[in-house]
Amino acid sequence: MFDVEPIIADHKDVIHDVVFDYYGRRMATCSSDQTVKIWDEDDQGKWSVTSNWKAHSGSIWRVSWANPEFGQVIATCSFDRTASVWEEVMGEKVSTRRWVRRTTLVDSRTSVTDVEFAPKYLGLLLATASADGIIRIYEAPDIMNLSQWPVQHEIANKLTLSCLSWNTSTYMVTQLLAAGSDESATPTGKVFLFAYSENARKCVKMETVNDITDPVTDVAFAPNAGRTFHMLAVASKDLYIVNIRGVTDSTGNAKLDLQTLKFSEHNCPVWRVCWNMLATMLISTGDDGCVRIWRMNYTRQWKCAAVLKAEGSGPTYEPNPTAPALATTAAATAKFYKKGTIGNQVPWH
Amino acid sequence: MSEEAVPIFEISDSLATRCGNTLTATFVPGSTKIALSVYRPIKWSSRDTPSDTAGEDPVVISIAQESTLYKEPLLRSLLSETNGTFVTLQTLVQEAKGTKKSAEYLQISRAYRSIIRFCLEKLDHGKKTPEVQEDEWRLEHCTKATKTFYAIECMWHLFEILYLQQQQTSQVIVHHLLEWVRFHYPNTEDQATDLLLMAEEASECDSYWLTLRRLIMLGQLEVPRAILLQNRKFNQAAFQAAEQVLKTMPVYQDGYALHKFNSQWEYWHVDLDRKLAAQTFAAEPQLELIMQLVAGSNKHWDAELVNSQDWYEFLPGYLLYTKPTCKPFELRIATTHWLNRWSVLRPEWQMKQLSRMVLQLMQHDIKLFIYDAQKLNDSHWFSTHLIDLIYHTGQFKSYFDQQNVDLAALRHSMVFEYGSFLMASRNHWQLAIDYLDFCSHEGAAAIELLLPRIPLRSERQAFKVLELAKQRGLVTVEQDICKVLSKRAHSDQRYGSALEWAIRSKDVLLVTSLADFILKNYSHTGVIFSPDVLRSIGPRMFISPRLVFLCKYFEFYELYRQRDFVSAAEPLINLLASKITPAYFWPSLLIDAMPLLNSEEPKLFINETLAILQHLEMELVPLIERNKLNTAKFDNQTSKTIFKDYRVENVEEFVELMRLSCARNMVRATIIENRGPPT
Chain A
90 MFDVEPIIAD HKDVIHDVVF DYYGRRMATC SSDQTVKIWD EDDQGKWSVT SNWKAHSGSI
150 WRVSWANPEF GQVIATCSFD RTASVWEEVM GEKVSTRRWV RRTTLVDSRT SVTDVEFAPK
210 YLGLLLATAS ADGIIRIYEA PDIMNLSQWP VQHEIANKLT LSCLSWNTST YMVTQLLAAG
270 SDESATPTGK VFLFAYSENA RKCVKMETVN DITDPVTDVA FAPNAGRTFH MLAVASKDLY
330 IVNIRGVTDS TGNAKLDLQT LKFSEHNCPV WRVCWNMLAT MLISTGDDGC VRIWRMNYTR
390 QWKCAAVLKA EGSGPTYEPN PTAPALATTA AATAKFYKKG TIGNQVPWH
Chain B
2 MSEEAVPIFE ISDSLATRCG NTLTATFVPG STKIALSVYR PIKWSSRDTP SDTAGEDPVV
62 ISIAQESTLY KEPLLRSLLS ETNGTFVTLQ TLVQEAKGTK KSAEYLQISR AYRSIIRFCL
122 EKLDHGKKTP EVQEDEWRLE HCTKATKTFY AIECMWHLFE ILYLQQQQTS QVIVHHLLEW
182 VRFHYPNTED QATDLLLMAE EASECDSYWL TLRRLIMLGQ LEVPRAILLQ NRKFNQAAFQ
242 AAEQVLKTMP VYQDGYALHK FNSQWEYWHV DLDRKLAAQT FAAEPQLELI MQLVAGSNKH
302 WDAELVNSQD WYEFLPGYLL YTKPTCKPFE LRIATTHWLN RWSVLRPEWQ MKQLSRMVLQ
362 LMQHDIKLFI YDAQKLNDSH WFSTHLIDLI YHTGQFKSYF DQQNVDLAAL RHSMVFEYGS
422 FLMASRNHWQ LAIDYLDFCS HEGAAAIELL LPRIPLRSER QAFKVLELAK QRGLVTVEQD
482 ICKVLSKRAH SDQRYGSALE WAIRSKDVLL VTSLADFILK NYSHTGVIFS PDVLRSIGPR
542 MFISPRLVFL CKYFEFYELY RQRDFVSAAE PLINLLASKI TPAYFWPSLL IDAMPLLNSE
602 EPKLFINETL AILQHLEMEL VPLIERNKLN TAKFDNQTSK TIFKDYRVEN VEEFVELMRL
662 SCARNMVRAT IIENRGPPT
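Heads up: the sequence lines are chains A and B, in that order.
If you're matching positions, the first sequence starts at 90 in my numbering and goes up one per residue.
If you're matching positions, the second sequence starts at 2 in my numbering and goes up one per residue.
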């Protein structure tokens, strides 16, 4: 069984991203209504909005939290071709806080599709991906003053980019970054891996995942708890998990060994992927309306352990003007209705 | 097993229904929660217009969490006590290294069970308290927990009898099974106590004979005898004969020679059959019925079984009267026969989870049992601890090898998952560490990943986490936590605390930037933040040259403020010569020299004055020149930002003044120094 607590988000349009801070005690949401909201959880587990502002003049695609050692900092990216960095500061009055815009990054000439702070061992770095195929890596040289964000690297790609993800682990390969393209015209690989090259003194493309040729909407590196390889989840026509091994070839050059696993259970394009903290579980969501929770079993195989879906999900929907308002049902704590008949806990193995 | 259908859960969200049921979800870090929200597959290439659903239905984020019993505070002690037993077992294994210690394993198993029993008692007691009575949620949770842990105790006890205990004692298990069933069906015994208290009147009670039959079927002999003894007709022949039969029934005890016992029992049984055939008990039909049960008459047992609660309730009793020396491997066959009989008698009866799992244990179907154990709503408490125990006893090794189950991997995965589950449930993270500690290098890596994510709500908690990180030698975790605390203190404007934490984090960059912050603030406002902290830094200052500068400057500043100009002169000169002065601080430092130069009584000697002048010309003036050039090139940079002191408006003017003061002091110093000793 699942206990469910609905929160009325009060966004005027659909949410594009829900992102939690490092501790899971703060939540940032962004929406097509061009606003960002910051939520805080109290000791009773209740979430409430503590800040809410219009951040862009277009749909906001993604939000990213910086590591707390850099303070309370988020970055947003938008259809309006910009990305912004925001910092929470003390207000004029004691114990009030507000978010101020530290910078607007206007280098992109097209929609900025994804933004993500780099793992903290690299310092305060921010990567953006944009529809014109360029990855830009910005750095804040002075962590006490976040208004300066010079571009450190600019990597141009032939294909439009829809998403990116930093690898937080440094095992065998440092500064590994993955990006995906949602280009549908060409039948070429759609996931690219970049890393810092000592020889070239810059970030270069190391590998293309050629097994994935359908448009990609999301990529996510798994946190690494003692594994000797890296895992990248990819949302494309199917769900993929790419196992990446950093190796050194006979000439002493670093290269990557790739192994691609495909999971076709959604039978529909996959939209987003998300790992849990130890990468023992993975969520994939697809256009089939299913939120699939995958679990690594004891033999290290990925198995779908549970499916969450909207009540009464069917293949088609007919608008029903007399549908009951949610406010009344949402106010009380709802429960998931379980369809299966087996015990009430999801077995691990 | 794994091919079983994936469970599907549904959630109500009217917007989702309108949007084509597209829900997306993310894990909430530091918890076992999942946040779900509706999405529409809008891409950058589509037109950016409000979606047609905008404003129609409220946008909802659903926070979902797999239900867990452990939110109930009464269960807290269960978790911490089992944690202790778990650790004891692990250390026991490490010490034993290869030697089999089945007696110790049995002890551990019993320790786990006594924890459950204690917890059940506590729950039972807790449910009666007004706090729980008035709280519907807690009452419901306590009831659920009681049910679950009751079932767990029942299964664990049976597991212990069948698979752990038999190694210790003889192979005969019937009397252990009787004890097990007696504990789990206490109702009949309660009724028997009532009957005993009623003494002679008992036989008038409606349930008198029923209770007696039940007791006999549960394999109890002493209590029925005691009840019969009180019967008014006890001195009649039938009763006397019954007493004789029950009293003489041979009961197997450990250490008996099996063949001897068998022949005794056979003799007794034939004797009873003979008495029944001779109508010895015919005068008392109810008593005769009891004797038929004792004789193991299938017809009579069947008649009684129709009313029993669960399939296994009377199995041990039946074995006592028909196969008292049953061994574990024979139990499997006996169980199958018994169950066939039962399903004929009770065709409508549905096997529940507990009944099914008891069957699996009796039929030695451990693999299925372990699988089903994971479906209990105990957040895998039972399966984790049991599998861990099974793994360590090494008893099932060949069984699992045969079944193609890698027991070591299964145990590792269960303990790892249980540890990370505890880590994610906010109040139990300290217990979690012990489980992850026994999960090879992956456990250690998990601790390193999860420990810094413990929300630091108070300094006390922060110290707790730091202490743990220190014990484990997790230097980076320690440093990360210090950095976060430093940053947090800084944004709360507790600058002293920010500096303290930064120093503790050993992050040179952070310390430097904080020292810069304090110095710059002083230049701008004349206020030095957190003097207490600066006073107490001492040798820790050497982490960063900037901090050294700050501390040395502070020494000077204090003397200066006490108007002890003579003593202040020396640190000032040292600072000027130190080569660690940050560029932005040159104006302030030289301004500080001004009053010393201008004082009535000369405080600075020729050499010192020369040094000041030299710094002015060699450091500050070139800086101003460079800055002018830059300002000309990039007009967005102003000299104000770099050369700012609350005491100076115009840097150029100040340089002129400085030169003058130096010249004047030089003259005075020359006169004094060349005056020679007074005559």
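Glycine included, C-beta positions come from ideal geometry on N, C-alpha and C.
| said: I need the DSSP call for residue 332/A, collapsed to helix, strand or coil. | reply: Three-state DSSP puts residue 332/A in a strand.
| field | Short CB-CB distance (under 8 angstroms) between residue 41/B and chain A | value | yes
| query | Leaving out the 5 sequence neighbours to the left and right, which residues in its chain are closer than 7 angstroms to residue 362/B when beta-carbon positions are compared? | reply | 156, 159, 160, 163, 370
| Reduced DSSP secondary structure (H/G/I, E/B, other) of residue 141/A | In the structure shown, residue 141/A sits in a strand (DSSP, three-state: E or B).
| said: Can you tell me whether residue 138/B is buried or exposed? The criterion is at least 16 other CB atoms within 10 Å of its CB, across all chains shown. | reply: It is exposed - the Cβ of residue 138/B has fewer than 16 other Cβ atoms within 10 Å.
| query | Per DSSP, what kind of secondary structure is residue 351/B in: helix, strand or coil? | reply | coil
| Helix, strand or coil for residue 459/B per DSSP? | Annotated three-state conformation of residue 459/B is coil, per DSSP.
| message | Please list, in chain order, the chain A residues whose beta carbon lies closer than 7 angstroms to that of residue 494/B. | response | 179
| request: Quick one: list the residues of chain B neighbouring residue 114/A, beta-carbon separation under 8 angstroms, in chain order. | output: 31, 456
| message | Helix, strand or coil, according to DSSP, for residue 151/A in the structure here? | response | Looking at residue 151/A - three-state DSSP - the assignment turns out to be strand.
| Collapsed DSSP secondary structure at residue 464/B in the structure displayed | helix
| request: Have a look at residue 667/B and residue 572/B and give me their C-alpha separation to the nearest angstrom. | output: 20 angstroms
| query | Closest Cβ-Cβ distance between residue 350/B and chain C: below 8 angstroms? | reply | Given the protein chain composition of this structure (A and B), no chain C is represented.
| query | Tell me which same chain residues have a C-beta within less than 7 angstroms of the C-beta of residue 604/B, skipping the five on either side of it? | reply | So the list reads 566, 567, 570, 597, once near-sequence residues are dropped.
| task | Quick one: give me the first and last residue of the alpha helix (DSSP H) that residue 343/B is part of. | result | Note, residue 343/B: alpha helix (DSSP H), 329-346.
| If you draw a straight line from the alpha carbon of residue 641/B to that of residue 647/B, how long is it in whole angstroms? | Its pLDDT being 46, under 50, residue 641/B is placed unreliably in this model, and the coordinates cannot settle the point.
| said: Using beta carbons (cut-off 8 angstroms, strictly below), is residue 393/A in contact with chain B? | reply: yes
| task | Using a cut-off of 7 angstroms between C-beta atoms, extract the partners of residue 376/A located in chain B. | result | What residue 376/A touches in chain B: 23, 42.
| request: Starting from residue 555/B, follow the beta strand (DSSP E) in both directions and report where the run begins and ends. | output: Unbroken run through residue 555/B is the alpha helix (DSSP H), 546-562; no beta strand (DSSP E).
| What's the C-alpha gap between residue 268/A and residue 134/B? | 56 angstroms
| field | Exposed unless 16 or more other CB atoms sit within 10 angstroms - verdict on residue 377/B | value | It is buried - the Cβ of residue 377/B has at least 16 other Cβ atoms within 10 Å.
| request: Use the C-beta contact count for residue 184/B: other C-beta atoms within 10 angstroms, 16 or more gives buried, fewer gives exposed. | output: exposed
| field | residue 412/B, buried or exposed, once every other Cβ within 10 Å from all chains shown has been counted against 16 | value | buried
| request: For residue 497/B, return the contacting residues in chain A, with the cut-off set at a CB-CB distance below 8 angstroms. | output: Chain A residues near residue 497/B: none, gap ~16 angstroms exceeds 8 angstroms.
| Straight-line CA distance for residue 70/B to residue 450/B? | The straight-line gap separating the alpha-carbon atoms of residue 70/B and residue 450/B is approximately 26 angstroms.
| request: Go to residue 219/A, then tell me how far its beta strand (DSSP E) extends in each direction, as first and last residue. | output: 214-219
| How many angstroms separate the CA atom of residue 301/A from the CA atom of residue 43/B? | For residue 301/A and residue 43/B, the distance between alpha carbons rounds to 21 angstroms.
| request: Report all residues from its chain with a CB closer than 7 angstroms to the CB of residue 229/B; omit the five preceding and five following residues, and keep chain order. | output: 235, 240, 243, 244
| said: Please list, in chain order, the chain B residues whose beta carbon lies closer than 7 angstroms to that of residue 111/A. | reply: 30, 454
| query | DSSP beta-bridge partners for residue 106/A? | reply | 119/A
| field | Nearest residue (CA-CA) to residue 254/A, options 138/A, 171/A, 319/A | value | 319/A
| field | From 261/B, 343/B, 661/B, 580/B, residue whose alpha carbon lies closest to that of residue 313/B | value | Out of 261/B, 343/B, 661/B, 580/B, 343/B has the C-alpha closest to the C-alpha of residue 313/B.
| request: Measure from the C-beta of residue 332/A to each C-beta in chain B and report whether the shortest distance is under 8 angstroms. | output: no
| said: Please tell me whether residue 360/A has its Cβ less than 8 angstroms away from any Cβ of chain B. | reply: yes
| field | Every unbroken beta strand (DSSP E) within the stretch 184-268 of chain A, with a cutoff of 3 residues, ordered by chain | value | The stretch 184-268 of chain A contains these whole beta strand (DSSP E) runs: 186-194, 201-206, 214-219, 223-228, 240-245, 252-255.
| message | Which residue marks the beginning of the beta strand (DSSP E) containing residue 93/A, and which one marks its end? | response | DSSP places residue 93/A inside the beta strand (DSSP E), whose first and last residues are 91-97.
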